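Chemist: In the order they appear, the protein sequences are chains A and B.
Using this note's numbering, the first residue of the first sequence is number 1, and each one after it goes up by one.
Using this note's numbering, the first residue of the second sequence is number 1001, and each one after it goes up by one.
Built from N, CA and C at the ideal position, the CB exists for glycine as well.
Here the structure is a predicted model, which means the values were calculated and not measured.
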Amino acid sequence: MIGEIRDALDRLLHGEVPSPIVPAAGDDDDMAQLCRVTNSLIEAFADAHDFVTALGQGNLDVHVPPRNLLISPYKQLHSNLRHLTWQTQQVAKGDLSQRVDFLGEFSEAFNSMIDSLKEKKRAEHALKEANSKIMASMRYARTIQLSFLPDTEEMGAELGDFFFIWNPKDIVSGDLFFFRSLNDGFLISVMDCTGHGVPGGMMTMIAGSSLSRVLQDVGHDDPALVLHELNNLMRRSLNQQSPEAKSNDGLDLGLCRVDQAKGLLTFAGAGIRLYYSLHGEIHEMKGDKQSIGYRSSDPEYRFTNHSIRLDPSMRFYMNTDGITDQIGGPKGLSFGRRAFTRLLREIHEEPMSRQKSILEQEIAEYRGKEVQLDDMTVVGFVV
Amino acid sequence: MDNLIVEATKSSPWICFDAENRILEIKGKSYPENASEFFAPVFEWLKKYFASTQTAPTEVNLDIIYLNSSSSKAFLVLFDILEQAARNGHTVHVNWRYDEDDETALELGEEFMEDLEFVSFNLVKIQDR
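Put into structure tokens, the structure is as follows:
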């Protein structure tokens, strides 16, 4: 019996759990007691072994054996770890008031992690606030810009049918279109100012007001002259007459004067073309390449008028390069003017509202996952 | 003279101006928020380069997929600097590389080419990019 007990204790010392010892029939009372105590020790050891093993594996839901002195220091660790788990969950929920004051060096690391999270949260909050202010300001700017766009009722009353796509890259746009009814017809224009977003938006305000001013000064019958005057007025307004000027901003523009009485459309362009349909084909008027208002624009430049005799079947289009330059497709290349013209040929006989949705859909499909790179504007009209 | 190397970002091209080998390259898309700010050091470098270098040939390889309007204006300034250098006796070869399906890039190259007299400008069609 002593031998069995010695073997059992030896195995315990080697970390193994022996089976309980069964006292022999002839053993005296002391020996029976020794067996019982040894068995209790084996049991306590087995419980402690299971508990510590589970704890070591990170299982904090393990059952804690009651009244087991072998594990009392681990019980403290177990409850600390459970508390730490709870604290970490609180931190994950956003409660950054948690501090750890046990576990020595770990506490320091944990607490400094909380501090840096607090710092991040403060920075994030400040960033969010700044962003929401900027966005609110941009949306307000957009409201102003929208009210600067032509009145669609006025356009509807004057034009047979029309559509426009005005799709800023960043809430406000560097693109603008312009419409004015006249006694004997109307003026329509598309402008593409340098930049997009806020700088582009500011440019459209200057460009739109300058155009109105020029129309007042030189009248509306000679689009090429209007472009010439606008070029000089913009250069003066932006102080871009000297080669040392700090800025070099301006715009591209296409302007059509429609004279209903004469049945004539006169177009002048600065970097923007006029497309029109005739007998099932799409034709284009290139206009001039000279841009308007830039420091590098030639102040003496004389733009060209192009006139077309109006036919009720004709559809007219002007667009900014945001559409034709947009990157997309299988090779990540620009949409291109040829594709745009081809598309117009396919759809020009549709009602204008239908053409608008086809164009929007086609360009969105071509763009795919690429970002919109520039403001996009297309105006289509029937006289 | 130090080389000028600017890594590409989502909105700006890769730039590698190698003074020693006399090869200047710009590649990618260009639509930075402030193009004149972005290109200012590029112009600065070019001016120094042509001021300090011999008139041996300089090769300029441009492989542009997209230029926003302010970047195109910046490219006009770039070509002005090249043209000026060529006028002053430097030999400048520009290779304008464009994808065979990219008519926009081709037209852009043709437009830049029109204004150049002293710079030799080659349109290089790239197949199977």
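In this structure, does DSSP put Tyr275(A) in helix, strand or coil?
Modeler: Mapped onto the first sequence, residue 275(A) falls at position 275. Note: Tyr275(A) maps to strand in three-state DSSP.
Chemist: Can you check DSSP and say which residues form a bridge with Trp1014(B)?
Modeler: Within the second sequence, the letter at position 14 stands for residue 1014(B). Trp1014(B) is bridged to Lys1027(B).
Chemist: Is the shortest distance between the beta-carbon of Ser1069(B) and the beta-carbons of chain C less than 7 Å?
Modeler: Structure shown: chain C not included; protein chains present are A and B.
Chemist: Considering only the beta carbon of each residue, do Lys384(A) and Gln372(A) sit closer than 7 Å?
Modeler: Nothing in the structure corresponds to residue 384(A), since chain A is present only between 1 and 383.
Chemist: Enumerate in chain order the residues of its own chain whose CB-to-CB distance from Gly263(A) is below 7 Å, with the five nearest sequence positions on each side excluded.
Modeler: By one-based count along the first sequence, residue 263(A) stands at place 263. Closer than 7 Å at Cβ, skipping near neighbours: Arg309 and Leu310.
Chemist: Return the Cβ separation of Arg1022(B) and Ala1051(B) in integer angstroms, given the expectation that the two are a contact with Cβ distance under 8 Å.
Modeler: For the purposes of this step, residue 1022(B) is taken as the residue at position 22 of the second sequence. For the purposes of this step, residue 1051(B) is taken as the residue at position 51 of the second sequence. No, Arg1022(B) and Ala1051(B) are not in contact; Cβ-Cβ is about 14 Å, not under 8 Å.
Chemist: For the stretch 242-276 of chain A, which residues have a beta carbon sitting closer than 7 Å to at least one beta carbon of chain B?
Modeler: Answer set for the stretch 242-276 of chain A: Asn248.
Chemist: Tell me which same chain residues have a C-beta within less than 7 Å of the C-beta of Asp288(A), skipping the five on either side of it?
Modeler: Position 288 of the first sequence, counted from the first residue, corresponds to residue 288(A). So the list reads Gly269, Ala270, Phe303 and Thr304, once near-sequence residues are dropped.
Chemist: Can you tell me whether Ser1032(B) is buried or exposed? The criterion is at least 16 other CB atoms within 10 Å of its CB, across all chains shown.
Modeler: As a working mapping, residue 1032(B) is identified with position 32 in the second sequence. The residue you asked about is not Ser; residue 1032(B) is Pro in the sequence shown. Buried: at least 16 other Cβ atoms inside 10 Å.
Chemist: Can you tell me the Cα-Cα spacing of Glu284(A) and Thr320(A), whole angstroms?
Modeler: The residue labelled residue 284(A) in the question sits at position 284 within the first sequence. The residue labelled residue 320(A) in the question sits at position 320 within the first sequence. One C-alpha to the other measures close to 14 Å.
Chemist: Between Val100(A), Ala126(A) and Glu124(A), which has its C-alpha nearest Ile114(A)'s C-alpha?
Modeler: Counting from 1 along the first sequence, the entry for residue 114(A) is found at position 114. It is Val100(A).
Chemist: Is Phe1118(B) helix, strand or coil when you go by DSSP?
Modeler: Counted from its first residue, the second sequence places residue 1118(B) at position 118. Coil at Phe1118(B), not helix or strand.
Chemist: How would you label Pro18(A), buried or exposed, when you count the other beta carbons within 10 angstroms and need 16 or more for buried?
Modeler: One-based indexing of the first sequence puts residue 18(A) at position 18. It is buried - the Cβ of Pro18(A) has at least 16 other Cβ atoms within 10 Å.
Chemist: Taking just the CA atoms, how far does Trp86(A) sit from Phe45(A)?
Modeler: Position 45 of the first sequence holds residue 45(A). Position 86 of the first sequence holds residue 86(A). C-alpha separation (whole angstroms): 30 Å.
Chemist: For chain A, find out if any of its Cβ atoms is closer than 7 Å to the Cβ of Thr1104(B); answer yes or no.
Modeler: Residue mapping note: residue 1104(B) aligns to position 104 of the second sequence, counting from 1. Yes, its Cβ sits closer than 7 Å to a Cβ of chain A.
Chemist: Is it buried or exposed for Val1124(B), if we count other Cβ within 10 angstroms and need 16 for buried?
Modeler: Locating residue 1124(B) in the second sequence gives position 124, counting from the first residue. Burial call: exposed.
Chemist: Would Thr194(A) and Ser1069(B) qualify as a contact pair, given that the criterion is a beta-carbon distance under 7 Å?
Modeler: On the first sequence, position 194 is the one that residue 194(A) refers to. On the second sequence, position 69 is the one that residue 1069(B) refers to. Yes. Within cutoff.
Chemist: My parser needs the alpha helix (DSSP H) runs of 4 or more residues fully inside the stretch 187-235 of chain A; what are they?
Modeler: List check, alpha helix (DSSP H) in window: 197-218.
Chemist: Using a C-beta cutoff of 7 Å, does Lys1047(B) count as contacting chain A?
Modeler: If you number the second sequence from 1, residue 1047(B) lands on position 47. Output row for Lys1047(B): interface = no.
Chemist: Quick one: which residues of the stretch 1091-1124 of chain B get their C-beta closer than 8 Å to a C-beta of chain A? List them in chain order.
Modeler: Answer set for the stretch 1091-1124 of chain B: Asp1099, Asp1101, Asp1102, Glu1103, Thr1104, Ala1105, Glu1107 and Glu1111.
Chemist: Could you compute how far the alpha carbon of Glu1114(B) sits from the alpha carbon of Ser1120(B)?
Modeler: Within the second sequence, residue 1114(B) is the residue found at index 114, counting from 1. Within the second sequence, residue 1120(B) is the residue found at index 120, counting from 1. Using only the alpha carbons, I get a separation of about 11 Å.
Chemist: Tell me the rounded alpha-carbon separation between Arg82(A) and His125(A).
Modeler: Counted from its first residue, the first sequence places residue 82(A) at position 82. Counted from its first residue, the first sequence places residue 125(A) at position 125. C-alpha separation (whole angstroms): 31 Å.
Chemist: Rounded to a whole number of angstroms, what is the C-alpha to C-alpha distance between Gly1089(B) and Phe316(A)?
Modeler: Along the second sequence, read from residue 1 onward, the residue named residue 1089(B) stands at position 89. Along the first sequence, read from residue 1 onward, the residue named residue 316(A) stands at position 316. Rounded to the nearest angstrom, the two C-alpha atoms are 49 Å apart.
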